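S.K.:
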Amino acid sequence: MALLLCLALTAALARGCLHCHGNFSEKFSFYRHHVNLKSWWVGDIPVSGSLLTDWSQDTMKELHLAIPAEITWEKLNQVANVVYQKMDQLYQGKLYFPGYFPNELRAIFREQAHLIQKAIIESRIDCQRHCGCGRLWCVTGIFQYETISCTNCTNSHVVCFGYSCENNWSK
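Here the sequence shown stands for residues -16 to -1, 1 to 155, where the numbers follow mature numbering (1 follows the signal peptide of the UniProt record, and there is no 0).
1) Report the CB separation of Leu74 from Glu95 in whole angstroms; it is logged as a contact under 8 Å.
2) For Phe93, which residues from the same chain have a beta carbon less than 8 Å from its beta carbon, with the 5 sequence-adjacent residues on both sides left out?
3) Should Phe14 and Ala64 be called a contact, given that it needs their Cβ atoms to be closer than 9 Å?
4) Of all the options Asp72, His17, Ile55 and Tyr68, which has the alpha carbon lying nearest to the alpha carbon of Ile100?
5) Excluding the 5 residues preceding and the 5 following Pro86 in the sequence, name in chain order all residues of the same chain whose CB lies nearer than 7 Å to its CB.
6) Tell me whether the beta-carbon of Ile51 lies closer than 9 Å to the beta-carbon of Arg108.
7) Roughly how many angstroms separate the alpha carbons of Val143 and Cys134, rounded to a whole number?
8) DSSP state of Asn7, grouped into three classes?
9) What is the C-beta distance between Tyr80 and Lys22, in whole angstroms, given that I count them as a contact (C-beta under 8 Å)?
10) If you run the structure through DSSP and keep just helix, strand and coil, what is Val19?
11) Do you know offhand how far Gln112's Cα is from Gln69's?
12) Taking only three categories from DSSP, how would you classify Ile51?
This is the structure we're talking about:
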């Protein structure tokens, strides 16, 4: 019983970055409830519904990161805007021929995972670059920037070690 509870909690925590965005629940609720209006082929409806339902958990599986999945709010907003714009465009069409709608959902999903992965890595690189050594002198320092953890949607801090860390840097 305890093992089942632990597995359920772990699955609940593995949300995915986009799930942490404030509009996620509203947007994906709309997408799931209107999926049956997008294809005249009945097989597309359960496939598309499953893609939308599993979006968050599948995002974490797709990231394949060796570093913690932490993203800045700014970058999360950028990714969310791209994804919501593409999803809204897809939902503006009337009916699609068989297979088209789930294939488009998969393409948006893959692009979203790539954008999140890129944003996480870029944030880490920016922090390390920010703490790089100056030309004539180096001062060892520590810098941290605020992020949101993609695994449980809590605020977190990423710490950078290096030379010449500026305390007023924010991105």
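We put the beta carbon where it would ideally sit given N, CA and C, even for glycine. What you are looking at is a predicted structure, and each value in this text was computed from that prediction instead of being measured.
M.R.: On the basis of the supplied data:
1) As a working note, residue 74 is residue 90 in the sequence shown. As a working note, residue 95 is residue 111 in the sequence shown. That pair is no contact at about 12 Å.
2) Stepping through the sequence shown from its first residue, residue 93 is reached at position 109. Counting only Cβ-Cβ distances below 8 Å, and skipping sequence neighbours, we find Leu35, Trp39, Asp42, Thr43 and Glu46.
3) Locating residue 14 in the sequence shown gives position 30, where the first residue counts as 1. Locating residue 64 in the sequence shown gives position 80, where the first residue counts as 1. No, the Cβ-Cβ distance between Phe14 and Ala64 is not below 9 Å.
4) Taking the sequence shown and counting its residues from 1, one reaches residue 100 at position 116. Considering only alpha carbons, the answer is Ile55.
5) Taking the sequence shown and counting its residues from 1, one reaches residue 86 at position 102. Excluding residues within five positions, the ones whose Cβ falls inside 7 Å are Asp28, Val31, Ser32 and Leu35.
6) Position 67 of the sequence shown, counted from the first residue, corresponds to residue 51. Position 124 of the sequence shown, counted from the first residue, corresponds to residue 108. Contact flag set, yes.
7) Counting from 1 along the sequence shown, the entry for residue 143 is found at position 159. Counting from 1 along the sequence shown, the entry for residue 134 is found at position 150. When rounded, the distance between both Cα atoms is 17 Å.
8) Translated into positions along the sequence shown, residue 7 becomes position 23. In this structure, Asn7 counts as coil in the three-state DSSP scheme.
9) As a first step, residue 80 must be located in the sequence shown, where it is residue number 96. As a first step, residue 22 must be located in the sequence shown, where it is residue number 38. About 6 Å separates the two Cβ atoms, so the contact holds.
10) In the sequence shown, the residue the question calls residue 19 occupies position 35. Helix at Val19.
11) The sequence position of residue 112 within the sequence shown is 128, counting from 1. The sequence position of residue 69 within the sequence shown is 85, counting from 1. Spanning the two alpha carbons is a distance of roughly 32 Å.
12) The sequence position of residue 51 within the sequence shown is 67, counting from 1. Ile51: coil per DSSP, three-state reduction.
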